[in-house]
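Here is the structure we will look at.
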Amino acid sequence: MATHNQIFEGYTDFIATRGVKEYRETIPVWVNAEDIVLEIGCEWGTTTTLIAPQCKKVIGTDISSKCIGRAREMYPELHFEVLDGFDVRAALELDEPFSKIYIDISGLSGYNSLLDTIALLTSYATVLRPEAIIVKSGALKRFAGHCNAWRSPDNQ
Ligand SMILES: C[S@@+](CC[C@H](N)C(=O)[O-])C[C@H]1O[C@@H](n2cnc3c(N)ncnc32)[C@H](O)[C@@H]1O
-11 MATHNQIFEG YTDFIATRGV KEYRETIPVW VNAEDIVLEI GCEWGTTTTL IAPQCKKVIG
49 TDISSKCIGR AREMYPELHF EVLDGFDVRA ALELDEPFSK IYIDISGLSG YNSLLDTIAL
109 LTSYATVLRP EAIIVKSGAL KRFAGHCNAW RSPDNQ
């Protein structure tokens, strides 16, 4: 079983974006034809339609059954499921080897939710082990921009 250090040394990349424009402009950079993508917080599927042509498979999910109902009506060719993004076990039960995860859950952009955002990313990285998680969170982007991983001169 992998330890936390092994998980964070080089497996999952975290990409923090601010606003929907940045969130969507990561798609051609981070999604490729082999990817199976989980999208959390898809609302009625606009970003799902942008991810779908770039990858092997995408499942758009949202906590709101109303949003998922509308997404299914608008884009019957795409796969949508109701899912609470904080329920990582339910995401695991989708039973797909997700290689990329997109997360845009209302409320994750404020500083008050920074700890929740980090905990959520950590849970997905640990349980689903995707290559990358792309999240829309202006607070995380600002925080990450000021983070520097100290490298001890003894280890170089
Ligand atoms: C800003 S909208 C997403 C817009 C969408 N990503 C797009 O690009 O068109 C945020 C969505 O998060 C959903 N949401 C809120 N809490 C959630 C949760 N715990 N799990 C999954 N979705 C959630 C809301 O229902 C809403 O549809």
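Under our numbering, the first residue of the sequence shown carries the number -11, and numbering increases by one thereafter.
Quick reminder that beta carbons are idealized off the backbone N, C-alpha and C, glycines included.
Give me the residue from the options with the minimum Cα distance to residue i.
i	options	result
I3	I39, G33, I51, K129	K129
Y112	V17, L80, E31, L38	L80
P145	R77, A40, D75	With the chain covering only -11 through 144, there is no way to say anything about residue 145.
I28	I91, E13, N20, D1	I91
G98	D1, G7, Y(-1), T0	G7
Closer than 7 Å to a non-hydrogen atom of ligand 1 - does that hold for the CB of residue i?
i	result
C135	no
C30	yes
C43	no
T5	no
V8	yes
L82	no
S101	no
S94	yes
L116	no
T105	no
If we ignore side chains and look at the alpha-carbon of each, how far apart do residue i and residue j end up?
i	j	result
N136	T105	19 Å
E22	G57	28 Å
K9	P85	27 Å
G33	G48	7 Å
P141	T35	44 Å
L96	K88	19 Å
H134	S53	38 Å
G73	V17	24 Å
I24	K44	6 Å
Pull up the DSSP beta-bridge partners for residue i, would you.
i	result
E27	G48, Y90
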